[in-house]
Amino acid sequence: MPEGIKIRQVTKIYKTGSIEVNALIDIFLNIKKGEFISIAGPSGSGKTTLLNLIGCIDEVNSGEIIIDERDVTKLNGNQLALFRNKYIGFVFQDFNLIPVLTVYENVEFSLAIHPELKNNHKNLIMNALENVGIEDLYKRFPRELSGGQKQRVAIARALVKNPLIVLADEPTANLDSKNASNIMDIMKRMNEKYETTFIFSTHDNLVMDYAKRIVYLRDGKITEDTVK
Ligand SMILES: Nc1ncnc2c1ncn2[C@@H]1O[C@H](COP(=O)(O)OP(=O)(O)OP(=O)(O)O)[C@@H](O)[C@H]1O
Ligand SMILES: [Mg+2]
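To convert, note that position 217 of the sequence shown is 775 in this note's numbering; the numbers rise steadily by one, no gaps.
Written as structure tokens, this is what we have:
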């Protein structure tokens with residue numbers, strides 16, 4: 559299946575001084591295009607590490623990660639950056655918006671490295687903001703937004719370039735339950751509308767309720783893989 563993710567015997571070891579942490583050990587996982595999947599597990603179990611490897615912002619020690627039929631573990635730094643920009647959108651726990659840019663400009667930033675989309679920038683950005691219901695706020699700065707609104711900007715920024723995969727590391731951790739459901743509803747809608755693959759890490763039962771599949775990690779290993 560071409561546009562899926564195949565993770566083959568992936569191991570990730572962090573070394574700090576003489577200390578080694580086996581963050582992920584011999585992970586095998588197949589994720590199909592359009593899945594809505596949650597990575598769960600206790601603190602330190604390897605959730606963020608797994609998302610960072612799929613997102614090409616960290617490198618494996620061994621194993622293969624095949625995304626859309628390309629083994630990303632074989633790409634060099636420059637190729638990885640290009641791959642990431644084209645295929646992957648990120649949503650973070652603390653939103654990671656650029657404070658000196660407006661809502662519009664934060665979303666636009668994600669398109670800066672896509673010259674082929676240049677002529678259509680304005681439509682793409684306003685459409686992405688409409689999709690998350692904050693088109694009226696496009697001139698505001700992040701400091702003028704609530705947490706839920708900031709996270710919607712982050713989702714618009716992740717989706718504006720129509721990526722194959724959105725990776726969301728604890729996207730609801732800084733939101734109350736009403737905003738958290740709101741954000742999950744938006745992501746679910748985007749998943750259904752664009753067939754974008756969504757992979758979340760979470761501690762939050764609300765997020766797990768939305769997920770169609772939950773992969774549990776413990777001490778760097780998969781202990782359970784449940785499809786609802
Ligand atoms: N850059 C790093 N250098 C050294 N060790 C790291 C690094 N990043 C993560 N680790 C270690 O790797 C293990 C897995 O960390 P990871 O951040 O993936 O866990 P997590 O499941 O996301 O935890 P949390 O729920 O607290 O976010 C932990 O033992 C952590 O201390
Ligand atoms: Mg984490």
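Cβ coordinates follow ideal geometry from the N, Cα and C atoms, glycine included.
At least three beta-carbon pairs within less than 8 Å, the region 730-748 to the region 659-677: No: fewer than three Cβ pairs fall under 8 Å.
If I follow the unbroken beta strand (DSSP E) through E527, where does it start and stop? Nothing can be reported for residue 527, as the shown portion of the chain is limited to 559 through 786.
Which of helix, strand or coil does DSSP assign to S735? Start at 1 with the first residue of the sequence shown, and residue 735 comes out as number 177. If DSSP states are grouped into helix, strand and coil, S735 belongs with the helices.
Rounded to the nearest angstrom, what separates F648 and V724 at their Cα positions? Locating residue 648 in the sequence shown gives position 90, where the first residue counts as 1. Locating residue 724 in the sequence shown gives position 166, where the first residue counts as 1. Near 6 Å, if we compare the C-alpha coordinates of V724 and F648.
I'd like the ranges of any beta strand (DSSP E) spanning at least 3 consecutive residues and lying wholly in the region 589-669. 594-598, 620-625 and 646-650
Should A640 be labelled buried (16 or more other beta-carbon atoms within 10 Å of its own) or exposed? Taking the first residue of the sequence shown as position 1, residue 640 is located at position 82. The sequence as given places Leu at residue 640; Ala does not occur at that position. Exposed.
Which of the three DSSP states, helix, strand or coil, is assigned to I571? Position 13 of the sequence shown, counted from the start, is the residue given in the question as residue 571. Three-state DSSP puts I571 in a strand.
Would you give the residue range spanned by the alpha helix (DSSP H) that K719 belongs to? As a working mapping, residue 719 is identified with position 161 in the sequence shown. Per DSSP, K719 belongs to no alpha helix (DSSP H) and is neither H nor E.
Could you check where the alpha helix (DSSP H) with E782 kicks off and where it finishes? Residue mapping note: residue 782 aligns to position 224 of the sequence shown, counting from 1. That residue, E782, is in no alpha helix (DSSP H); its beta strand (DSSP E) goes K779 to V785.
Can you have a look at K573 and say buried or exposed, based on whether 16 or more other CB atoms are within 10 angstroms of its CB? What you label residue 573 is simply residue 15 of the sequence shown in a count that begins at 1. When all chains shown are included, K573 counts as exposed.
Rounded to whole angstroms, what is the Cα-Cα separation between I585 and Y696? In the sequence shown, the residue the question calls residue 585 occupies position 27. In the sequence shown, the residue the question calls residue 696 occupies position 138. Near 41 Å, if we compare the C-alpha coordinates of Y696 and I585.
Near E693, which residues of its chain fall below 7 Å by C-beta distance, leaving aside the five closest residues on each side in sequence? Within the sequence shown, residue 693 is the residue found at index 135, counting from 1. So the list reads M684 and L687, once near-sequence residues are dropped.
Could you tell me if R628 is buried or exposed, where buried requires 16 or more neighbouring beta carbons within 10 angstroms of its beta carbon? Counted from its first residue, the sequence shown places residue 628 at position 70. Classification of R628: exposed, given that the 10 Å Cβ count is below 16.
Can you check which of these residues, S596, R566, S576 and F594, is closest to L582 by C-alpha distance? Here residue 582 is taken as the residue at index 24 of the sequence shown, counted from 1. The option with the nearest alpha carbon to L582 is R566.
Do F653 and A716 count as a contact pair if the criterion is CB distance below 7 Å? Here the question's residue 716 lines up with position 158 in the sequence shown. Here the question's residue 653 lines up with position 95 in the sequence shown. Taking 7 Å as the Cβ cut-off, A716 and F653 do not qualify as a contacting pair.
Does DSSP put A726 in a helix, a strand or coil? In the sequence shown, residue 726 corresponds to position 168, counting from 1. It is a strand residue.
First and last residue of the beta strand (DSSP E) that includes I772? Taking the first residue of the sequence shown as position 1, residue 772 is located at position 214. Element bounds for I772: R771 to R776.
Proximal residues to G635 (C-beta, below 7 Å), its chain only, five neighbours per side dropped: Position 77 of the sequence shown, counted from the start, is the residue given in the question as residue 635. The answer is none, since no qualifying residue turns up.
K605 beta carbon near ligand 2 (any heavy atom closer than 6 Å): Counting from 1 along the sequence shown, the entry for residue 605 is found at position 47. The answer is yes for K605.
Is it true that the region 618-633 meets the region 704-711, where meeting means three or more beta-carbon pairs spaced less than 8 Å apart? No: the two stretches stay apart, fewer than three of their Cβ pairs being nearer than 8 Å.
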